[in-house]
Amino acid sequence: MIMATVYVTIIMLLIWESNITKVLSFVITFLFLELIFFSSALSSVGDGGWALLIFASVLLMIMFIWNYGSKLKYDSEVKQKLPKDLMRKLGPNLGTIRAPGLGLVCSDIVKGVPAIFGHFLTSLPAIHSIIVFVCIRNVPVPVVPQSERFLFQRVCSRGYHLFRCIARYGYKDKKQEHHSVFERLLIEGLEKFIQREAVELSLQSEDDIDSDEEPPTPVKIITAPNGSLYSLDVPLLADYVPSTELIHEASCSTPQHDPVLDYAQNLELELAFIEQSKRSGVIYLIDNPIIKARKDSWFFKKLMINYFFAFLRNNCRRAIMLMSIPHSNMMQVRMTSYV
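Each residue of the sequence shown is one higher than the last, beginning at 1 in the UniProt record's numbering.
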């Protein structure tokens with residue numbers, strides 16, 4: 001009961017944004033009543049009140065182990081992420097063959113390229129022509145409109161066809177939507193993001209057409225498909241730097257080119273490329289990491305991570321697994337990390 005009061009207090013402060021006087025009156029009133037109940041339970045331990053205390057202690061231990069293990073797992077994934085310089089050195093083909101199709105690399109990190117993607121590059125004979133790094137996040141709002149659910153950002157330059165996507169769900173949103181609905185909304189959001197990006201770049205080129213200075217680096221922004229701007233507590237991966245190699249080659253072959261026309265042609269080509277990749281199929285590449293305590297770790301850490309957290313992890317389903325994804329369209333890879 002005390003934990004329920006604490007959670008409701010947090011909700012009142014962060015989500016409902018209630019008046020501080022109202023929050024304090026709620027906390028003082030209910031904590032006073034619950035402390036009376038707790039003291040009565042302590043006084044009746046010899047008469048059977050110990051059962052309630054043991055039950056509450058077990059629940060508290062489960063929450064602590066889950067929070068502790070999840071934090072260690074996320075920190076290990078962040079430490080093992082691939083650097084941006086490595087992606088640029090590999091080139092647009094990423095050091096492998098780009099096969100037709102759309103690959104959704106699902107992980108829990110919101111910044112950087114997950115380490116599991118490097119494992120795919122070294123283990124698979126080919127990688128999909130378009131890669132989207134998908135991260136599903138719960139946000140402290142009741143409902144996120146479908147038009148604002150997906151936030152996109154480009155990873156590296158245009159020729160890499162790498163994108164970052166954060167799918168946001170409120171605590172009242174239905175997370176068990178079918179995978180076909182999720183794919184349709186994601187692809188529609190990606191197409192709108194590319195169209196909006198082309199418009200912004202064409203407007204920027206019009207502003208700089210009479211200037212001999214180098215074009216400024218675009219500001220890091222994250223836009224939803226409806227055009228709204230959002231900022232996250234954790235910054236996303238990579239700055240988008242518009243590639244000028246294709247424009248430079250075209251300018252060498254012909255006397256003059258309209259930059260706005262070039263952006264329009266690139267937009268049509270990229271949208272057609274996305275449509276072709278969608279028809280070739282969508283594959284889910286799911287990161288399913290395992291953490292284990294190092295040999296030199298203390299005993300209680302080994303007990304919590306190797307046994308208790310592993311048991312909880314194996315009996316919980318991730319949000320991406322609730323979409324009824326066919327096994328033929330899904331590939332899970334487990335990587336063991338020692339923390």
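Ideal Cβ positions, reconstructed from N, Cα and C, are used throughout, including at glycine.
Euclidean distance between Cα positions of residue i and residue j
i: I274; j: T29; result: 58 Å
i: A99; j: P125; result: 10 Å
i: T5; j: L31; result: 7 Å
i: F120; j: V181; result: 26 Å
i: I65; j: E200; result: 47 Å
i: D85; j: G91; result: 10 Å
i: R279; j: G101; result: 7 Å
i: S129; j: G103; result: 8 Å
i: D296; j: L303; result: 13 Å
i: V144; j: Y171; result: 9 Å
i: V78; j: I116; result: 11 Å
i: S301; j: Q332; result: Looking at the sequence itself, residue 301 is Lys, so the reference to Ser does not match. Computed Cα separation, rounded: 27 Å.
i: L60; j: L312; result: 14 Å
i: S40; j: T21; result: 29 Å
i: T336; j: I62; result: 22 Å
i: P326; j: F26; result: 48 Å
i: A51; j: I11; result: 29 Å
i: V234; j: G46; result: Interpretation of V234 is limited by its pLDDT of 37, a score under 50 that renders its predicted location unreliable; no figure is taken from the coordinates.
i: I166; j: Y307; result: 31 Å
i: L237; j: L82; result: Confidence at L237 is low in this model, with a pLDDT of 35, below 50, so the placement of that residue should be treated as unreliable; the coordinate-derived value is given next. Near 11 Å, if we compare the C-alpha coordinates of L82 and L237.
i: R137; j: R318; result: 11 Å
i: T96; j: Y338; result: 29 Å
i: F309; j: I54; result: 20 Å
i: H161; j: S70; result: 31 Å
i: A264; j: L24; result: 58 Å
i: E270; j: S277; result: 10 Å
i: N315; j: L203; result: 52 Å
i: L94; j: Y68; result: 35 Å
i: R88; j: F163; result: 14 Å
i: L72; j: N288; result: 14 Å
i: F38; j: V113; result: 48 Å
i: L35; j: T9; result: 16 Å
i: E183; j: S44; result: 57 Å
For residue i, three-class secondary structure by DSSP
i: S337; result: strand
i: N315; result: coil
i: D287; result: strand
i: G103; result: strand
i: K73; result: helix
i: R158; result: helix
i: K79; result: helix
i: Q146; result: helix
i: R294; result: coil
i: T58; result: Here the sequence assigns Val to residue 58, which means Thr is not the residue at that position. Residue state, collapsed to three classes: helix.
i: I325; result: coil
i: I97; result: strand
i: T223; result: Any reading at T223 must be qualified, since the residue scores a pLDDT of 47, below 50, and its modelled position is unreliable; the value itself is stated next. Here T223 sits in strand by DSSP.
i: V199; result: helix
i: Q176; result: coil
i: V141; result: coil
i: V282; result: strand
i: L229; result: Any reading at L229 needs caution, since the residue's pLDDT is 44, under 50, leaving its predicted position unreliable; the model's value is listed next. Strand, per DSSP.
i: S251; result: With a pLDDT of 44 at S251, under the threshold of 50, the modelled position of this residue cannot be trusted, and the question is left open.
First and last residue of the uninterrupted alpha helix (DSSP H) at residue i
i: S39; result: I20 to S43
i: V6; result: I2 to L14
i: L86; result: K84 to L90
i: G118; result: A115 to S123
i: F300; result: F299 to L303
Element boundaries [beta strand (DSSP E), containing residue i]
i: residue 341; result: There is simply no residue 341 to check, as the chain begins at 1 and stops at 339 in what is shown.
i: Y169; result: L162 to Y169
i: F152; result: F150 to V155
Rounded Cβ spacing between residue i and residue j (contact assumed at less than 8 Å)
i: L14; j: P140; result: 6 Å
i: L285; j: V105; result: 5 Å
i: residue 350; j: Q146; result: Lying outside 1 to 339, the shown extent of the chain, residue 350 is not represented and no answer is given.
Check: Are the region 322-332 and the region 175-194 touching, with three or more C-beta to C-beta distances below 8 Å?
Finding: Contact check between the region 322-332 and the region 175-194: three or more CB pairs, one atom from each, fall below 8 Å, which counts as touching.
Check: Is the region 146-160 in contact with the region 181-190, if contact means three or more CB pairs nearer than 8 Å?
Finding: Taking 8 Å as the limit for Cβ pairs, the verdict is that the region 181-190 does touch the region 146-160.
Notebook entry, point to check: Touching or not, the region 126-133 and the region 101-115, by the rule of three or more beta carbon pairs under 8 Å?
Noted result: Contact holds: three or more Cβ-Cβ distances are below 8 Å.
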